[in-house]
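Residues in the first sequence are numbered consecutively from 123, following my numbering.
See below for the structure under consideration.
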Amino acid sequence: MDKQDSKQIFSDAKGWSRDLEKEIQKRLDNLELSNFDVKIAKPFFGIDTPPPYPSGRPWHLGAAAQYSQIDAIARSERMLGKGVLFPIGMDRNGLPVERYTEKKYDIRMRETEREKFIELCRGALDDLQSEMVEILKAIGFSADFKNMYRTDSDEYRALTQATFIKHWKDEMIYRGNRPTNYCVECGTTIADAEIEYKELPTKLAYFTFQVKGSKDTITIASTRPELLGACRAIIANPEDTRYKSLIGKRAIVPIYKTEVDILGHSSAKPEFGSGAVMVCSYGDYNDVLLFKELGLDEKIIINENGRLTDAAGKLAGLTVNSGRKEILRLLQEDGSLEKVQEISHRTPTCDRSKSPVEIIPMDEYYMKIKDLKDKVAEIIDGLNFIPEQHKQILLNWMKVAADWPISRRRFYGTEIPLWYCKKCNEAYVPQPGRYYRPWKENPPSETVCKKCKSTEFYGDTRTFDTWMDSSVSSLFVTKYLNDANFHSKTYPLTIRAQGVDIVRTWLFYSIVRCFELTKTPPWSNVWIGGMGLDEHGEKMSKSKGNGVDPMLIIERYGSDAFRFWAASEASPGSNFLFSEQRIMGAQKFLTKLWNVAKFIKEFGDYGMTEKPKKLLPADKWILEELSSAVKDSLKGYTAFNFFVPSNRLREFTWNIFAPHYIEMVKARAYGKDFSKEEKLSAIYALNQTLRTILLLLAPICPFITESIWTSLYSEESIHKMRFPSSITGFEEMAKYSNIIIEFNTKVWREKRSRGVSLRDSISLDIPTDLEIFEKDLRAMHNLK
RNA sequence: GAGCCCAUGGUCUAGUGGUUAUGACGUCUCCCUUACACGGAGAAGGCCGGGAGUUCGAAUCUCUCUGGGCUCACCA
123 MDKQDSKQIF SDAKGWSRDL EKEIQKRLDN LELSNFDVKI AKPFFGIDTP
173 PPYPSGRPWH LGAAAQYSQI DAIARSERML GKGVLFPIGM DRNGLPVERY
223 TEKKYDIRMR ETEREKFIEL CRGALDDLQS EMVEILKAIG FSADFKNMYR
273 TDSDEYRALT QATFIKHWKD EMIYRGNRPT NYCVECGTTI ADAEIEYKEL
323 PTKLAYFTFQ VKGSKDTITI ASTRPELLGA CRAIIANPED TRYKSLIGKR
373 AIVPIYKTEV DILGHSSAKP EFGSGAVMVC SYGDYNDVLL FKELGLDEKI
423 IINENGRLTD AAGKLAGLTV NSGRKEILRL LQEDGSLEKV QEISHRTPTC
473 DRSKSPVEII PMDEYYMKIK DLKDKVAEII DGLNFIPEQH KQILLNWMKV
523 AADWPISRRR FYGTEIPLWY CKKCNEAYVP QPGRYYRPWK ENPPSETVCK
573 KCKSTEFYGD TRTFDTWMDS SVSSLFVTKY LNDANFHSKT YPLTIRAQGV
623 DIVRTWLFYS IVRCFELTKT PPWSNVWIGG MGLDEHGEKM SKSKGNGVDP
673 MLIIERYGSD AFRFWAASEA SPGSNFLFSE QRIMGAQKFL TKLWNVAKFI
723 KEFGDYGMTE KPKKLLPADK WILEELSSAV KDSLKGYTAF NFFVPSNRLR
773 EFTWNIFAPH YIEMVKARAY GKDFSKEEKL SAIYALNQTL RTILLLLAPI
823 CPFITESIWT SLYSEESIHK MRFPSSITGF EEMAKYSNII IEFNTKVWRE
873 KRSRGVSLRD SISLDIPTDL EIFEKDLRAM HNLK
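What follows is the structure, encoded as structure tokens:
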């Protein structure tokens with residue numbers, strides 16, 4: 123936008139709006155603020171930006187608010203004189219797009235040719251990605267879009283694989299056949315971190331086992347009767363008088379007629395159900411522990427399609443749910459079923475598909491976590507968390523974190539770069555540096571099995587958990603293994619910024635992985651944003667239908683109003699409640715600022731930068747008040763806290779500058795009954811104050827500040843300026859603030875009580891405290 | 001069951017040993033005043049969740065109770 127245009131807008135527009143913003147957006151898009159050059163000698167500031175998953179509209183309003191805050195980190199650091207590396211990538215691996223693609227084309231992944239399915243996913247992502255970029259640009263996100271990376275690019279996947287290969291060689295990875303969390307709907311193993319517990323209604327069935335060699339029976343209660351065929355023991359609490367005499371005997375499993383031991387074990391709680399429990403492979407995590415502890419033989423009764431196996435006898439082939447109905451019918455027929463109780467049960471579900479998780483023994487790759495706990499806890503302790511208290515979330519998770527299953531039985535992900543010898547099954551690990559696809563490629567030519575010298579291999583068909591990719595984002599953006607010079611100058615980064623919802627995944631895995639690879643924590647600061655909730659404080663979600671499309675809000679009130687709202691609504695780390703009314707409030711403030719600028723612009727180019735020889739007391743006073751706002755705002759920015767500057771600047775502008783100072787000097791600025799020298803002093807202070815407010819507000823409201831700035835002060839963008847330092851020399855004026863405000867209020871109240879208009883003249887004495895402002899105050903209130 | 005966090009006018013929120021307890025939104029009344037009616041001025045509205053303690057002095061520190069939120073664990 124050139125100066126002519128902005129003047130046009132100024133004279134016409136009554137307030138700030140989205141339409142004005144769109145004009146500025148074009149200009150800002152071309153600024154290339156995010157250009158980063160390691161050769162330029164500025165203090166380095168690197169941001170590990172969360173790569174958003176392109177999920178299409180509506181994007182989560184809380185996420186949009188959070189990204190606008192992350193953008194404010196980048197903008198404020200630029201204005202603090204740093205060389206800011208502000209990368210942006212798209213997280214494009216994993217389940218969400220696979221599920222989206224299945225739905226969109228009405229196909230099933232496993233019934234589709236792998237190559238074809240991958241193509242469809244990629245196409246879907248490309249569409250969703252361009253929409254995501256549009257949204258990011260609309261909220262004023264100033265990251266390096268020119269070098270936008272994708273976690274599914276050959277280059278990125280080569281890095282994920284290279285880091286895996288290093289972990290493999292360092293013996294950080296092992297392969298194990300262990301009962302793991304398995305989501306039938308997604309058809310893959312999932313990690314503990316991906317489990318979400320939900321209270322779901324379920325049936326608790328009570329049924330009897332015949333005690334061998336006696337007429338006694340023992341009743342057990344189970345929510346998983348369909349696992350009866352995999353029952354290997356019954357346990358009861360050794361203190362439980364009802365069952366004491368039965369411990370050590372054997373019981374006959376109804377329907378299946380197999381025999382199992384009745385054992386004493388403290389994990390059976392007498393007060394729950396019947397007090398006796400059947401132990402099956404595997405109903406829950408406790409069963410896993412008991413099988414291990416009691417040395418029981420597992421019987422695989424559920425397969426990876428979620429159907430009961432031959433081990434289930436008559437139930438073979440049924441799904442878990444229909445198997446449950448059928449076994450209850452059979453038990454009823456058999457006379458073993460005592461009763462069925464409706465209960466609410468905390469059920470582990472998959473956080474992607476929301477369906478119940480089964481525990482099935484699967485052959486998977488694991489990354490060792492348990493051995494690292496102490497070291498990782500130490501690293502976490504050394505990081506600066508914003509807010510400090512959120513460090514605890516991660517430390518708590520650390521205490522229970524188990525080894526991380528990293529392999530997934532899915533198609534759209536980074537392939538596990540391993541082949542196995544067809545003869546002796548020895549693993550072959552390729553050289554790092556290239557992107558490998560073992561499911562469709564042979565290993566590099568001339569590969570010979572180091573054990574048996576065979577040249578025949580088969581590739582692993584699995585992919586990685588997507589967190590394997592995103593947990594090395596800080597390495598990718600610093601060109602690890604790719605540009606040693608760049609990496610050494612940019613790693614570790616300065617700050618990780620992210621939401622509280624992915625602390626135990628992205629944050630935790632990033633620390634573990636990057637530290638293992640580089641022996642250095644990937645950043646020194648961790649900024650954790652709170653969650654955006656609906657107006658009643660409930661989580662926004664598509665299923666609840668309480669989500670709000672941030673683009674609609676931005677179209678209605680503008681991006682700056684949205685960003686100002688996000689900044690001023692809550693301290694960093696606190697959750698914030700959506701409120702359209704409060705976003706309107708933010709827009710009102712921008713309109714106020716706009717009108718202040720319109721007023722000041724009237725005086726043209728006088729004395730805007732050149733300090734007049736003599737400043738009048740009122741002008742010194744406002745500069746002192748301004749100075750205090752500068753100090754507070756800068757303190758907020760250096761702590762990555764935008765709540766402080768946004769509220770401080772709103773308060774200063776709206777409650778001090780506009781009603782008191784501007785009113786005080788209005789007559790002088792117009793030059794009515796004042797000398798030219800006095801007039802220039804006012805105009806200087808007015809401009810100085812506005813300039814400073816604009817500079818300090820620019821990281822939070824990049825559009826309106828750019829618009830006013832380029833219209834009044836410079837051809838050069840405000841976003842290439844430095845923050846002002848606080849003004850000194852007027853400290854003694856601070857004492858007048860309260861008395862000025864009190865006096866003005868007193869006059870206004872007086873006029874009101876006399877029923878005269880504000881411009882009417884009354885006679886009133888100026889207090890001696892305020893004598894130095896007498897001329898301004900008389901003019902302001904029209905005092906005789 | 002354990003840990004962490006929170007409790008301030010109708011609503012949201014600032015405040016970390018001394019303030020007349022901050023601001024926003026909302027409410028009520030008056031006012032077109034050469035930036036702004038998308039505005040201005042004024043007003044009402046709070047025993048800072050309850051109780052006990054430390055202190056000359058507590059919204060602020062300690063204990064305790066109550067009520068919320070989050071996380072983890074157990075639940076056959």
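By construction, the Cβ of each residue, glycine as well, lies at the ideal position given by its N, Cα and C atoms.
Legend entry - Local Cβ density within 10 Å of Met520, reported as buried at 16 or more and exposed below that: buried
Legend entry - Coarse secondary structure for Thr339, derived from DSSP in three states: strand
Inset, instruction - Under the assumption that Thr919 contacts Ile162 (Cβ atoms under 8 Å), give the Cβ distance between them as a whole number of angstroms. - result: This structure gives no information on residue 919, because the portion of the chain shown stretches from 123 to 906.
Inset, instruction - Enumerate, from N- to C-terminal direction, the unbroken alpha helix (DSSP H) stretches of 4 or more residues contained entirely within the region 441-529. - result: 442-456, 495-504, 513-522
Legend entry - Euclidean distance between Cα positions of Leu771 and Arg179: So the two alpha carbons sit approximately 33 Å from each other.
Legend entry - Helix, strand or coil at Phe394 [DSSP, three-state]: Phe394: coil per DSSP, three-state reduction.
Legend entry - CA-to-CA distance, Ser836 to Ile778, given in whole angstroms: 26 Å
Inset, instruction - Could you check the C-alpha separation between Ala265 and Gly203 for me, to the nearest Å? - result: Distance from the CA atom of Ala265 to the CA atom of Gly203, rounded to whole angstroms, is 17 Å.
Legend entry - Val878: first and last residue of the uninterrupted beta strand (DSSP E) it sits in: Taken as a continuous stretch (DSSP letters only), Val878 belongs to no beta strand (DSSP E), as it is neither H nor E.
Inset, instruction - For the beta strand (DSSP E) holding Ser646, just list the boundary residues, first then last. - result: 645-651
Inset, instruction - Using a threshold of 8 Å, state whether the C-beta atoms of Tyr365 and Ala358 are closer than that. - result: With respect to the 8 Å criterion, Tyr365 and Ala358 are classified as neighbours on the basis of their beta carbons.
Inset, instruction - Could you check what DSSP says for Asp383 in three-state terms: helix, strand or coil? - result: strand
Legend entry - Inter-residue Cα distance where the pair is Phe806 and Glu747: In the sequence under discussion, the amino acid at residue 806 is Tyr, which differs from the Phe named in the question. A direct Cα-Cα distance of roughly 15 Å separates Tyr806 from Glu747.
Inset, instruction - Just grab the DSSP bridge partners of Val170 for me. - result: The amino acid at residue 170 is misidentified as Val; the sequence shows Asp. In DSSP, Asp170 forms a bridge with Arg618.
Legend entry - Delimiting residues of the beta strand (DSSP E) encompassing Ala355: 353-358
Inset, instruction - Determine the DSSP secondary structure at Lys575, reduced to helix, strand or coil. - result: coil
Legend entry - Cβ-based burial, Ser389 [other Cβ within 10 Å; buried from 16]: exposed
Legend entry - Local conformation of Lys562 per DSSP, three classes: coil
Legend entry - Neighbourhood of Ala606 by C-beta, 8 Å cutoff - its chain only, sequence neighbours within 5 removed: Counting only Cβ-Cβ distances below 8 Å, and skipping sequence neighbours, we find nothing.
Inset, instruction - Go to Lys268, then tell me how far its alpha helix (DSSP H) extends in each direction, as first and last residue. - result: Following the DSSP letters along the chain, one finds Lys268 in no alpha helix (DSSP H) but inside the beta strand (DSSP E) bounded by residues 266-272.
Inset, instruction - Alpha carbon to alpha carbon, how far is Ser593 from Leu629? Give it in angstroms, no decimals. - result: 8 Å
Legend entry - Rounded C-alpha distance that separates Asp362 from Glu393: 10 Å
Inset, instruction - May I ask which residues mark the beginning and end of the alpha helix (DSSP H) holding Gly758? - result: 739-760
Inset, instruction - In the DSSP assignment, find the alpha helix (DSSP H) that holds Leu258 and state where it starts and stops. - result: 236-260
Legend entry - Neighbour-count burial assignment, Gln511, 16 or more Cβ in a 10 Å radius: exposed
Inset, instruction - May I have the straight-line CA-CA distance separating Glu277 from Gln251, to the nearest angstrom? - result: Those two C-alpha atoms are separated by around 18 Å.
Inset, instruction - Would you list, in sequence order, the uninterrupted beta strand (DSSP E) runs of no fewer than 3 residues that lie entirely inside the region 303-334? - result: 317-333
Inset, instruction - Check each candidate in Gly395, Val333, Gly397 and name the one with the smallest Cα separation from Gly370. - result: Val333
Inset, instruction - Rounded to whole angstroms, what's the CA-CA distance from Ser750 to Ser848? Just pull it up for me. - result: 7 Å
Legend entry - Gln126, buried or exposed, once every other Cβ within 10 Å from all chains shown has been counted against 16: Reliability of the predicted coordinates at Gln126 is poor, the pLDDT of 40 falling under 50, and the value obtained from them is presented with this limitation in mind. Per the 10 Å Cβ criterion, exposed.
Legend entry - Runs of alpha helix (DSSP H) wholly within the region 852-906 (minimum 4 residues, chain order): With a minimum length of 4 residues, the continuous alpha helix (DSSP H) runs that stay inside the region 852-906 are 858-876, 896-903.
Inset, instruction - Classify Asp274 as buried or exposed, calling it buried when 16 or more other Cβ atoms lie within 10 Å of its own Cβ. - result: buried
Legend entry - the region 412-428 touching the region 284-296, judged by at least three CB pairs closer than 8 Å: no
Legend entry - Which of helix, strand or coil DSSP assigns to Leu603: Residue state, collapsed to three classes: coil.
Legend entry - Contact check, Leu505 vs Ser646, beta carbons under 8 Å: yes
Inset, instruction - Just the C-alpha distance for Ser336 and Asp493, rounded to the nearest angstrom, thanks. - result: 49 Å
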